[in-house]
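Protein chains: 2
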Amino acid sequence: MKILIVEDEIELLTAVSNYLVKENHICELAENYQKADEKISIYEYDIILLDIGLPDGNGLELIKAIKQNNLRAGIIVISAKNSTDDKITGLDLGADDYMTKPFQLSELNSRIKAVLRRRQSNGSNTIGFNEISIDTDSKEVRINDRKIKLTRKEHELLMYFLINKNRVLTKEAIAEHLWGDNIDMADNFDFIYTHLNNIRRKIKSAGGKDYIRTLYGMGYKFADV
Amino acid sequence: MKILIVEDEIELLTAVSNYLVKENHICELAENYQKADEKISIYEYDIILLDIGLPDGNGLELIKAIKQNNLRAGIIVISAKNSTDDKITGLDLGADDYMTKPFQLSELNSRIKAVLRRRQSNGSNTIGFNEISIDTDSKEVRINDRKIKLTRKEHELLMYFLINKNRVLTKEAIAEHLWGDNIDMADNFDFIYTHLNNIRRKIKSAGGKDYIRTLYGMGYKFADV
DNA sequence: CTTCCACAATGAGGATTTTCATAGTGCAAA
DNA sequence: TTTGCACTATGAAAATCCTCATTGTGGAAG
Chain A
59 MKILIVEDEI
69 ELLTAVSNYL
79 VKENHICELA
89 ENYQKADEKI
99 SIYEYDIILL
109 DIGLPDGNGL
119 ELIKAIKQNN
129 LRAGIIVISA
139 KNSTDDKITG
149 LDLGADDYMT
159 KPFQLSELNS
169 RIKAVLRRRQ
179 SNGSNTIGFN
189 EISIDTDSKE
199 VRINDRKIKL
209 TRKEHELLMY
219 FLINKNRVLT
229 KEAIAEHLWG
239 DNIDMADNFD
249 FIYTHLNNIR
259 RKIKSAGGKD
269 YIRTLYGMGY
279 KFADV
Chain H
59 MKILIVEDEI
69 ELLTAVSNYL
79 VKENHICELA
89 ENYQKADEKI
99 SIYEYDIILL
109 DIGLPDGNGL
119 ELIKAIKQNN
129 LRAGIIVISA
139 KNSTDDKITG
149 LDLGADDYMT
159 KPFQLSELNS
169 RIKAVLRRRQ
179 SNGSNTIGFN
189 EISIDTDSKE
199 VRINDRKIKL
209 TRKEHELLMY
219 FLINKNRVLT
229 KEAIAEHLWG
239 DNIDMADNFD
249 FIYTHLNNIR
259 RKIKSAGGKD
269 YIRTLYGMGY
279 KFADV
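Protein sequence lines correspond, in order, to chains A and H.
First residue of the first sequence: 59, per our numbering; consecutive thereafter.
First residue of the second sequence: 59, per our numbering; consecutive thereafter.
If you want it as structure tokens, here you go:
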């Protein structure tokens with residue numbers, strides 16, 4: 059799961075991040091609200107851990123912003139204060155859970171799982187681009203309501219493009235995302251070419267446009283123009 | 059391996075830390091030279107990643123300090139500048155390698171491995187268990203010097219066992235490690251059974267014992283007894 | 001001790017992924 | 001403009017992975 063951690067204490071942040079990475083989550087960090095805001099406006103997250111005691115402003119505002127940009131994300135508020143006010147206000151604004159520092163990492167983990175469970179139990183969750191849409195739960199891919207069937211790698215690759223729409227992805231980055239570390243870059247990228255080819259073919263045959271732009275010598279970009 | 063990362067850019071620091079944790083390293087962080095200096099005087103590290111462009115002073119000084127306190131550590135200098143001066147000075151002072159930003163994580167990884175290899179004085183990097191040994195670089199698997207050929211998944215699975223020898227691994231943990239989040243647990247675990255079966259067969263046919271113990275209802279354990 | 005049932009093992013076949021061979025294309029330099 | 005070369009595309013074959021059907025097994029309950 060993709061998790062954004064908003065926290066200025068570097069020690070805490072590291073501990074949490076390292077722990078969550080070991081739990082097989084993908085972590086990104088923001089050490090203040092401004093950076094958090096930028097990330098939220100660009101990426102999709104499953105969980106956002108939000109310290110509301112940061113120096114540069116009121117974190118409760120950020121919750122609102124998250125609710126607008128990133129509906130899918132679960133929010134867990136972290137606070138040093140134990141003030142009931144903050145707690146109530148945070149939960150009112152749409153936070154899914156609330157923790158006070160200090161906390162056990164295992165506690166954090168179980169809360170994350172609980173929030174994910176709650177989130178996933180209800181309605182469907184799609185990410186899309188023009189006529190293309192992917193249901194992130196059922197993993198169904200549709201072109202104008204016409205369902206196409208992708209294999210796992212194809213699905214992962216298309217998903218990676220959609221999560222990073224309008225952003226150039228190098229072949230190296232794609233390889234690392236789809237195959238992890240144990241891929242030998244000294245090899246060639248035939249496998250990427252092949253999967254790209256298959257995705258393009260399947261989308262085209264269902265009447266979709268080819269939004270996968272090849273940037274010669276750079277990589278690929280999923281974009282309108 | 060224990061790694062200290064000295065870097066003030068939180069994005070880079072996180073990316074590096076997360077990546078290295080996944081590679082089974084233990085990471086600690088310092089966002090400036092003062093903190094780095096404190097940590098160095100207290101702890102032992104195997105590798106120190108050192109950004110010499112930090113705001114609070116001259117990083118080359120820190121190299122000297124490391125050399126005095128922490129002789130065992132390998133030093134990899136990171137720099138935004140491409141200046142030959144810095145490079146030479148850094149290497150002169152005893153850094154083991156030098157990288158310029160930006161860099162690929164995979165590149166960092168291979169440099170870390172190279173430095174560790176050099177430090178450990180002897181050539182290859184193996185992890186083993188009785189008559190079984192895996193070279194983590196060449197990915198060769200040997201049973202009493204008899205080489206066997208494993209497929210990727212088989213290799214990942216055996217590696218996972220060897221890294222966690224004597225530890226019980228649930229099927230869920232194995233699934234998550236080998237296939238990530240996008241595996242449907244509601245399914246069955248046939249694929250694990252199949253790969254286990256193949257590994258056992260290959261090891262046996264090369265004359266190795268079957269150290270993969272089945273713990274009924276619990277999972278599996280790679281152990282002698 | 002026997003029965004039963006969930007868990008585990010196994011082999012074969014189908015699906016997916018990767019490799020390979022070959023063809024096509026964009027960019028830079030002549 | 002032409003040429004050369006590295007990069008990209010493509011289809012088919014090979015290797016690997018996953019699914020399925022079937023068989024075997026451990027341990028709890030009776």
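Ideal Cβ placement from N, Cα and C applies to all residues, glycine included.
8 Å Cβ cutoff, residue i in contact with chain H
i	result
A/THR252	no
A/ILE257	no
A/GLY266	no
A/GLU230	yes
A/GLU96	no
A/GLU234	yes
Minimum Cβ-Cβ distance from residue i to chain A less than 8 Å
i	result
H/ASN310	Outside the displayed range of chain H (59 to 283) lies residue 310 of chain H, so it cannot be described from this structure.
H/ILE68	yes
H/GLU89	yes
H/VAL79	yes
H/THR72	yes
H/GLN162	yes
Pairwise C-alpha distance: residue j and residue i
i	j	result
A/SER99	A/ARG258	28 Å
H/GLU81	A/GLY238	11 Å
H/LEU220	H/ILE185	7 Å
H/VAL135	H/ILE110	7 Å
A/LEU273	H/LYS197	34 Å
H/LEU118	H/ALA94	13 Å
A/TYR103	A/LEU227	19 Å
A/ALA123	A/GLU189	26 Å
H/GLU234	H/LEU215	11 Å
A/LYS171	A/GLU165	10 Å
H/ALA231	A/ASN116	39 Å
A/MET157	A/ALA73	16 Å
H/ILE106	H/VAL173	11 Å
H/ALA154	H/LEU112	The sequence given here has Asp at residue 154 of chain H, not Ala. Approximately 19 Å between the Cα atoms of the pair.
H/ASN256	H/GLU67	45 Å
H/ASN246	H/ILE206	28 Å
A/LEU286	A/ILE63	What the structure shows of chain A is the stretch from 59 to 283, and residue 286 of chain A is not part of that stretch, so it cannot be assessed.
A/HIS213	A/TYR101	18 Å
H/GLU65	H/PHE161	14 Å
Residues of its chain near residue i, where Cβ-Cβ distance is below 6 Å and the 5 sequence neighbours each way are ignored
i	result
A/TYR77	LEU163
H/HIS83	MET59, ILE61
A/ASN224	ALA281
A/ASP114	ASN90, TYR91
H/GLY132	ILE105, ASP154, VAL173, ARG177
A/LEU208	VAL199
Buried or exposed by the 16-neighbour rule on C-beta atoms within 10 Å, applied to residue i
i	result
A/ASP203	exposed
H/THR252	exposed
A/LYS262	exposed
A/GLY275	exposed
H/ARG176	exposed
A/SER75	buried
A/ALA88	buried
A/ASP248	exposed
H/VAL199	buried
A/GLU69	exposed
Residues near residue i by beta carbon distance below 8 Å, same chain, minus five either side
i	result
H/VAL79	CYS85
A/SER168	none
Residues of its chain near residue i, where Cβ-Cβ distance is below 7 Å and the 5 sequence neighbours each way are ignored
i	result
A/PHE187	LEU220, LYS223, TYR269, PHE280
H/ASN127	ILE98, SER99
A/MET217	ILE192
H/ILE201	GLU189, ILE190, ILE261, ALA264, GLY265, GLY266
A/LEU292	Past the edges of chain A, shown from 59 to 283, lies residue 292 of chain A, and the structure says nothing about it.
H/LYS229	PHE247, ILE250, GLY277
H/LYS211	LEU236, HIS253
A/GLY152	ILE121, LYS125, ILE133
H/LEU271	With the sequence shown as reference, residue 271 of chain H is identified as Arg, and Leu is not the correct amino acid for it. So the list reads TYR278, LYS279, ALA281, once near-sequence residues are dropped.
H/VAL283	none
I'd like the ranges of any alpha helix (DSSP H) spanning at least 4 consecutive residues and lying wholly in the segment 77-161 of chain H.
The qualifying runs are 91-100, 117-127, 142-151.
What are the uninterrupted segments assigned as alpha helix (DSSP H) that are 4 or more residues long and contained completely in the segment 194-277 of chain H, given in chain order?
Segments of the alpha helix (DSSP H) lying fully in the segment 194-277 of chain H: 210-221, 229-237, 248-263.
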